[in-house]
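*Asks:*
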Amino acid sequence: PRTVRLAVIPGDGIGPEVVAEALKVLRAAVGDETRFEETHFSLGAGRFLETGDVLTDDDLAAVASHDAILLGAVGGVPGDPRLANANIERGLLLKLRFSLDHYVNLRPTVLHPGVESPLAAPGDVDFVVVREGTEGPYVGNGGAIRVGTPAEVANEVSVNTAFGVERVVRYAFAAASGRRKKLTLVHKTNVLVFAGGLWKRTVDAVAVEFPDVAVDYLHVDAATIFLVTDPARFDVIVTDNLFGDILTDLAGAISGGIGLAASGNINPDGRFPSMFEPVHGSAPDIAGKGIADPTAAILSVALLLDHLGLADDAERVRGAASDDIAGRDGSTRSTSEIGDAIAARLAPAAP
Ligand code: NAD
Ligand code: IPM
Ligand code: MN
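With the UniProt record's numbering applied, the sequence shown has no gaps in its numbers, which climb one by one up to 352 at the end.
(1) Look at the alpha carbon of Gly282 and the alpha carbon of Ile15, and state the distance between them as a whole number of angstroms.
(2) Quick check: does the Cβ of Leu95 come within less than 7 angstroms of any heavy atom belonging to ligand 2?
(3) Compare the C-alpha of Asn142 against each of Ala155, Val131 and Asn268 and name the closest.
(4) Can the beta-carbon of Ala321 be found closer than 8 angstroms to that of Ile343?
(5) Can you look up Glu90 in the DSSP assignment and give me helix, strand or coil?
(6) What separation, rounded to the nearest whole angstrom, lies between the Cα atoms of Leu304 and Leu261?
(7) According to DSSP, which residues form a beta bridge with Thr35?
(8) Which term fits Thr203, buried or exposed, when burial requires 16 or more other beta carbons within 10 angstroms of its beta carbon?
(9) Pairing CB atoms from the segment 124 to 131 with CB atoms from the segment 230 to 249, are three or more of them under 8 angstroms?
(10) Regarding Asp250 and ligand 3, is the C-beta to nearest heavy atom distance less than 7 angstroms?
(11) Is DSSP giving Ala196 helix, strand or coil here?
(12) Using 8 angstroms as the limit for Cβ to Cβ distance, is Val221 near chain D?
(13) Looking only at DSSP bridge pairs, what is Phe277 linked to?
(14) Would you give the residue range spanned by the alpha helix (DSSP H) that Arg317 belongs to?
(15) When burial is assigned at 16 or more other CB atoms within 10 Å of the CB, is Asp241 buried or exposed?
(16) Just to confirm the assignment, what range does the beta strand (DSSP E) spanning Asp217 have?
(17) Counting C-beta neighbours from all protein chains within 10 Å, is the total for Phe164 16 or more, i.e. buried, or is it exposed?
(18) Measuring CA to CA, which of Ser275, Pro114 and Thr230 is closest to Ser323?
(19) Please find out if some non-hydrogen atom of ligand 5 comes closer than 7 angstroms to the beta-carbon of Asp246.
(20) From the DSSP output, read off the bridge partner residues of Lys183.
(21) According to DSSP, what are the bridge partners of Arg108?
(22) State buried or exposed for Arg98, treating a residue as buried only when at least 16 other CB atoms are found within 10 Å of its CB.
(23) What are the boundary residues of the alpha helix (DSSP H) that includes Glu51?
(24) Just grab the DSSP bridge partners of Thr249 for me.
(25) Determine the burial state of Glu108: buried for a count of at least 16 other Cβ atoms within 10 Å of its Cβ, exposed for fewer.
(26) Of the residues Gly289, Thr185, Phe49 and Asp213, which one's Cα is nearest the Cα of Thr225?
(27) Does the Cβ-Cβ distance between Ala298 and Glu22 come in under 8 angstroms?
(28) Look up Gly16 in the DSSP assignment and say whether it is helix, strand or coil.
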């Protein structure tokens with residue numbers, strides 16, 4: 002049998018709660034041909050409060066030596082004074098995405114049958130956001146002077162490289178080519194002329210190699226309109242790191258809630274392990290109550306299985322989650338009840 006070495010980072014808040022259910026489903030989904038060997042890492046705000054470490058070089062090397070990563074969510078309780086200078090999000094989550102060259106942040110949005118969207122007429126919602134994952138305003142290219150004075154200046158420069166834009170655009174075209182063959186570039190070329198110009202020219206250049214894909218462009222402000230008024234028009238959206246972050250929370254909201262939104266941080270070259278995680282955060286407001294929806298984490302497991310080439314297992318996980326979602330009647334189930342129910346749909350039938 003094939004052994005997959007999986008690094009598991011449950012994290013903080015509801016992270017460990019939803020990861021426990023995702024692992025339950027993973028174990029139920031895979032056949033005898035694949036064995037998942039899990040290494041659990043204690044990382045996040047909890048670890049920082051215990052040891053003062055966010056992600057040491059040794060931690061990073063250990064995580065990087067695995068075949069793939071499953072992450073719950075990280076982030077402490079807002080306003081906790083002990084975390085004032087920790088910056089877990091940048092020091093852990095973004096450090097992993099950057100160090101492991103996760104240049105594709107893949108965030109599919111499907112309005113599952115039976116799910117009530119807040120939109121009156123959502124139509125057939127099935128699109129994927131290909132969010133650039135290693136550049137943009139996230140890289141930390143900035144600084145501030147005269148902090149705390151009326152003369153303060155704070156800069157956060159968006160970094161966009163020809164290399165970085167081209168590789169993610171190429172990935173997005175290939176994804177569109179395998180789907181409904183429509184690609185929408187979302188940017189703000191009317192104002193961000195330098196970065197926008199690079200993105201637009203890159204899309205136009207790569208489009209020549211994908212004559213089967215229809216290309217469309219929307220300014221990011223207009224894209225938020227269409228995500229609410231006509232989300233069914235989208236197939237693949239390609240966009241930068243920050244626009245992609247914002248659009249995918251909106252995408253989660255229109256498709257039944259952030260508790261259903263899955264994501265993959267992909268290193269398509271396979272040089273580094275890819276990392277799968279729900280789009281949502283550690284949700285301190287509901288942590289410890291056992292009421293978080295684990296479906297986003299479970300659907301992230303499906304993306305993990307896809308990435309590992311286990312497409313049949315991935316499809317079964319998606320099918321089981323989708324069937325469970327379709328049967329939801331508004332009554333409250335606990336996190337583990339939902340996980341158990343989805344895992345049970347995957348269990349082999351009794352002889
Ligand atoms: P959040 O996603 O944690 O929560 C937003 C809202 O959605 C909350 O009301 C929460 O209860 C609800 N929610 C989230 N996941 C849910 C689930 N599975 N089931 C039901 N309800 C759910 O976003 P936030 O409040 O902005 O951030 C909280 C912390 O998480 C912050 O520290 C933030 O930086 C961090 N964060 C981490 C990640 C990550 O680890 N990938 C992602 C986003 C935010
Ligand atoms: C996400 C989160 C992260 C991001 C934060 C926590 C760094 O919001 O995964 O969407 O902005 O990418
Ligand atoms: Mn986000």
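Heads up, the beta-carbon is just placed ideally off N, CA and C, and yes, glycines get one too. Source: prediction; values computed, not measured.
*Replies:* Based on what the coordinates show:
(1) Against the sequence shown, residue 282 aligns to sequence position 281. Against the sequence shown, residue 15 aligns to sequence position 14. For Gly282 and Ile15, the distance between alpha carbons rounds to 8 angstroms.
(2) Taking the first residue of the sequence shown as position 1, residue 95 is located at position 94. Yes, Cβ of Leu95 sits closer than 7 angstroms to a heavy atom of ligand 2.
(3) Stepping through the sequence shown from its first residue, residue 142 is reached at position 141. Among Ala155, Val131 and Asn268, the Cα nearest to that of Asn142 belongs to Ala155.
(4) Along the sequence shown, one-based indexing puts residue 321 at 320. Along the sequence shown, one-based indexing puts residue 343 at 342. A distance below 8 angstroms separates the beta carbons of Ala321 and Ile343.
(5) Translated into positions along the sequence shown, residue 90 becomes position 89. Assigned with DSSP and collapsed to three states, Glu90 falls in helix.
(6) As a working note, residue 304 is residue 303 in the sequence shown. As a working note, residue 261 is residue 260 in the sequence shown. Using only the alpha carbons, I get a separation of about 13 angstroms.
(7) Walking along the sequence shown from the start, residue 35 turns up at place 34. Partner(s): Arg3.
(8) If you number the sequence shown from 1, residue 203 lands on position 202. By the neighbour-count rule (16 or more Cβ atoms within 10 Å), Thr203 is buried.
(9) At 8 angstroms Cβ cutoff, the stretches touch.
(10) Taking the sequence shown and counting its residues from 1, one reaches residue 250 at position 249. Yes, the Cβ of Asp250 comes within 7 angstroms of a heavy atom of ligand 3.
(11) Position 195 of the sequence shown, counted from the start, is the residue given in the question as residue 196. In this structure, DSSP gives Ala196 a helical state, which the three-state scheme calls helix.
(12) Going by chain labels, chain D is absent from the structure shown, which holds only one protein chain.
(13) Along the sequence shown, read from residue 1 onward, the residue named residue 277 stands at position 276. According to DSSP, which records beta bridges pairwise, Phe277 is partnered with Leu71 and Gly265.
(14) Working through the sequence shown from its first residue, we reach residue 317 at position 316. Ala312 to Ala327 is the extent of the alpha helix (DSSP H) around Arg317.
(15) Taking the sequence shown and counting its residues from 1, the one referred to as residue 241 is at position 240. Only buried fits Asp241, as 16 or more other CB atoms lie within 10 angstroms of its CB.
(16) Numbered from its first residue, the sequence shown carries residue 217 at position 216. It spans Ala215 to His220 - the beta strand (DSSP E) in which Asp217 sits, taken as one unbroken run.
(17) Position 163 of the sequence shown holds residue 164. It counts as exposed.
(18) Position 322 of the sequence shown, counted from the start, is the residue given in the question as residue 323. Among Ser275, Pro114 and Thr230, the Cα nearest to that of Ser323 belongs to Pro114.
(19) The ligand content of the structure shown is limited to ligand 1, ligand 2 and ligand 3, which means ligand 5 is not among them.
(20) Locating residue 183 in the sequence shown gives position 182, counting from the first residue. DSSP lists Ala215 as the beta-bridge partner residues of Lys183.
(21) As a working mapping, residue 108 is identified with position 107 in the sequence shown. DSSP lists Val130 as the bridge partner or partners of Arg108.
(22) Position 97 of the sequence shown holds residue 98. Residue environment analysis places Arg98 among the buried positions, since at least 16 neighbouring C-beta atoms fall within 10 angstroms of its C-beta.
(23) Within the sequence shown, residue 51 is the residue found at index 50, counting from 1. Segment Ala46 to Thr52, the alpha helix (DSSP H) holding Glu51.
(24) As a working mapping, residue 249 is identified with position 248 in the sequence shown. The partner list for Thr249 (beta bridge, DSSP) is empty, contrary to what the question assumes.
(25) Here residue 108 is taken as the residue at index 107 of the sequence shown, counted from 1. What sits at residue 108 in the sequence shown is Arg, not Glu. Per the 10 Å Cβ criterion, buried.
(26) Residue 225 sits at position 224 when you count from the first residue of the sequence shown. Of the candidates Gly289, Thr185, Phe49 and Asp213, the one whose C-alpha sits nearest the C-alpha of Thr225 is Thr185.
(27) Indexing the sequence shown from 1 puts residue 298 at position 297. Indexing the sequence shown from 1 puts residue 22 at position 21. In this structure, Glu22 lies closer than 8 angstroms to Ala298 by Cβ.
(28) One-based indexing of the sequence shown puts residue 16 at position 15. It is helical.
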